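Chemist:
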Amino acid sequence: MKRDYYEVLGVERDADVKAIKSAYRRLAVQFHPDKNPGDKEAEEKFKEAAEAYSVLSNPEKRARYDQFGHSGGGFAGGFDPSAFTDFSDILGDLFGFGDLFGQGRPRRGRGGAMGGADLRYDLQITFEEAAFGCEPELRIPRLESCERCSGSGSAGGEAPKTCAGCAGRGQVRFTQGFFTVARTCPQCQGQGQVISDPCSECQGQGRVEKERSIQVTIPPGVDTGARLRLAGEGEHGLRGGPPGDLFVVVHVEEHERFARQGADVYTLELIGYPQAVLGGILQVDTLHGRRELEVPAGSQPGQRFVLRGDGIPRLGRSGRGNHVVQIALHVPSPKEVGEEERELLERLAEIGGERVGSGRKRVWGKVKELFR
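Residue numbers (my numbering): 80 to 451.
(1) Measuring alpha carbon to alpha carbon, tell me which residue in Glu314, Arg306 and Val435 is nearest Thr296.
(2) Does the beta-carbon of Pro322 have 16 or more other beta-carbons within 10 angstroms, so that it is buried, or is it exposed?
(3) Please list the segments of the beta strand (DSSP E) lying wholly inside the segment 215-299, counting only runs of 3 or more residues, in order along the chain.
(4) Work out the CA separation of Cys267 and Phe158 for me, nearest whole Å.
(5) Could you tell me whether the Cβ atoms of Asp324 and Leu309 are closer together than 8 Å?
(6) Starting from Ala128 and walking both ways along the beta strand (DSSP E), at which residues does that stretch end?
(7) Closest to Met193 by CA distance: which of Gln282, Gly89, Gly271 and Arg387 is it?
(8) Determine the burial state of His402: buried for a count of at least 16 other Cβ atoms within 10 Å of its Cβ, exposed for fewer.
(9) Give every residue of the same chain whose Cβ lies closer than 6 Å to the Cβ of Lys124, excluding the five residues on either side of it in the sequence, and list them in chain order.
(10) What are the start and end residues of the beta strand (DSSP E) that includes Arg336?
(11) For His330, count the other beta carbons within 10 Å of its own beta carbon; 16 or more makes it buried, fewer makes it exposed. Which is it?
(12) Out of Arg426, Gly300, Lys119 and Ser133, which one is the CA nearest neighbour of Glu208?
(13) Could you check what DSSP says for Pro25 in three-state terms: helix, strand or coil?
(14) Quick one: using the 10 Å Cβ neighbour count with 16 as the cut-off for buried, is Leu88 buried or exposed?
(15) Look at the alpha carbon of His367 and the alpha carbon of Pro298, and state the distance between them as a whole number of angstroms.
(16) For the 8 Å Cβ check, are there 3 or more pairs between the segment 351-368 and the segment 378-386?
(17) Are the Cβ atoms of Ile391 and Arg339 separated by less than 8 Å?
(18) What is the DSSP secondary structure of Val329, counted as helix, strand or coil?
(19) How about Ala131 and Tyr84: do their beta carbons lie closer than 8 Å?
(20) Unbroken beta strand (DSSP E) runs of length 3 or more, entirely within the segment 300-325: which are they?
(21) Whole angstroms are fine: how far does the CA of Cys281 sit from the CA of Arg92?
(22) Less than 8 Å between C-beta atoms, sequence neighbours within five positions excluded: which residues of the same chain meet that for Cys228?
(23) Whole angstroms are fine: how far does the CA of Val251 sit from the CA of Cys264?
(24) Is His402 helix, strand or coil when you go by DSSP?
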């Protein structure tokens, strides 16, 4: 009978991925065959831990296991060799070792070919440019194939020779404690080949750094965090390898008046007390021009009104969002209130039975009138 996978790793059933990975790392180091040569029991425990980790670290497999146990299918066949690759990553993180089992995904192909790196460009655009789209021109520094040697890295066009340091494998192996460690060959930098007569323009690298101008089309309706992928616009590959991609990440500047939520635009409009009580017409600036908004009598501060279709175009869809106006009551400062307005306000307060102002000021005002 197989042991429970949670029991194997020594974790609770509600353990998160971090705890599961930590438990697997501990057991893998303890029972690794290189640390326990000839110990069949340790080897079986190592495989058992790797099998448990391969299931519990996969959300789909774990859910199936939690429901059906070992009979759930998809993992009942025993040890999963792919777990060794993850084990390599774990020890690489822990000790700084390279690919311990030689099963890491190679970055370089045969003949020294290597795909170009992907590039990221953070693009700052205005609120209006995000709403209506734009076509900015970007200056992108990147590695491109050397024109002098056509990307071969060789001055005379001679083919690269097999590296004597690693016999063309791109890696050298050595023993460090209980582990057999594979590291990138220092002579060929992992390419497996060396160039005897390097090109003077690129020093045998096959690529040189250049700055290119690229025009990008930003569609209407993008928002901060939107990412555009430009295939093949990253760094050129090495020795005929494919180019990488360019990822443009959008950052939208804040607007002094407009706020945004999805495709809807929000503004705050101030109205006076008479407009709130009696109603009135507001002139509202939107992305699409000035609009008139009728505020009904008795409107309350914080109330919202919608101007339909005056928002931002919906990204990848037809139509536009709305412009939402929230009203707030404008209360003027004492310096902004003239004598006539003050008298009217006092009269209004008197009608409503409200006490306003300061009684002390009223007395002083009457005293002043006696000396006029």
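Note that CB positions come from ideal geometry on N, CA and C, so glycine has one too.
These numbers come from a predicted model, not from an experiment.
Modeler: In brief:
(1) Arg306
(2) buried
(3) 216-224, 250-255, 258-263 and 286-294
(4) The predicted model places Phe158 with a pLDDT of 40, which falls under 50 and marks its position as unreliable; any figure quoted below should be read in that light. The straight-line gap from Cα to Cα measures roughly 36 Å.
(5) In this structure, Asp324 places its C-beta atom within 8 Å of the C-beta atom of Leu309.
(6) Not the beta strand (DSSP E): Ala128 falls in the alpha helix (DSSP H), residues Lys119 to Leu135.
(7) Gly271
(8) That one is buried.
(9) Phe110
(10) Here Arg336 belongs to no beta strand (DSSP E), and DSSP marks it neither H nor E.
(11) exposed
(12) Gly300
(13) Not covered by the structure: residue 25. The range shown for the chain is 80 to 451.
(14) buried
(15) Each residue's Cα considered, the two are about 17 Å apart.
(16) yes
(17) yes
(18) strand
(19) yes
(20) 306-309
(21) 56 Å
(22) Ala234, Gly236, Cys278, Glu280, Cys281 and Gly285
(23) The alpha-carbon atoms of Cys264 and Val251 are separated by roughly 5 Å.
(24) Of the three classes helix, strand and coil, the one that applies to His402 here is strand, per DSSP.
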